[in-house]
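In the numbering used here, the protein residues as written are 1386 to 1507.
See the structure below:
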């Protein structure tokens, strides 16, 4: 297995466009929207089985190590993100990571993915 790339800590101020984004915790009220997002073919390719995925998200609400967030811009929900200690659950693909590694899983809704306005190349 290839060694993980060593990343430098961010040392400068965040880009001005980052001020347009906010992160808020996921609540049960978000679940219907997440069900719709999980049903998108682009999301389902990476998060298969929308019913199973939403059950996992719902079961992890309030979990002590799981951080679940909705990415918001101008009041509109754009994406889902979750982070957790990479070694908390058995995950062979994380075996080579440092003990303090954090896993980050994300998917976007139809208004958040693949648009230059949201940090993607045109």
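Think of the CB as a built atom: it goes at the ideal place given N, C-alpha and C, for glycine as much as any other residue. Predicted model, so just to flag it, every value in this text is computed and none were measured.
Using a 10 angstroms sphere on the CB of residue 1447, the tally of other CB atoms stays under 16, which defines it as exposed. The beta carbon of residue 1489 sits closer than 7 angstroms to those of 1466, 1468, all from its chain and outside the five residues before and after it, given in chain order. Secondary structure within the segment 1390-1453: the alpha helix (DSSP H) runs of 4 or more consecutive residues, fully enclosed, are 1416-1423, 1426-1429, 1435-1445 (chain order). The segment 1454-1465 makes contact with the segment 1403-1410, as at least three CB pairs between them are under 8 angstroms.
DSSP places residue 1470 within a strand segment (E or B) once states are collapsed to three.
Residue 1425 and residue 1495 do touch by the CB rule: their CB atoms are close to 7 angstroms apart, below 8 angstroms.
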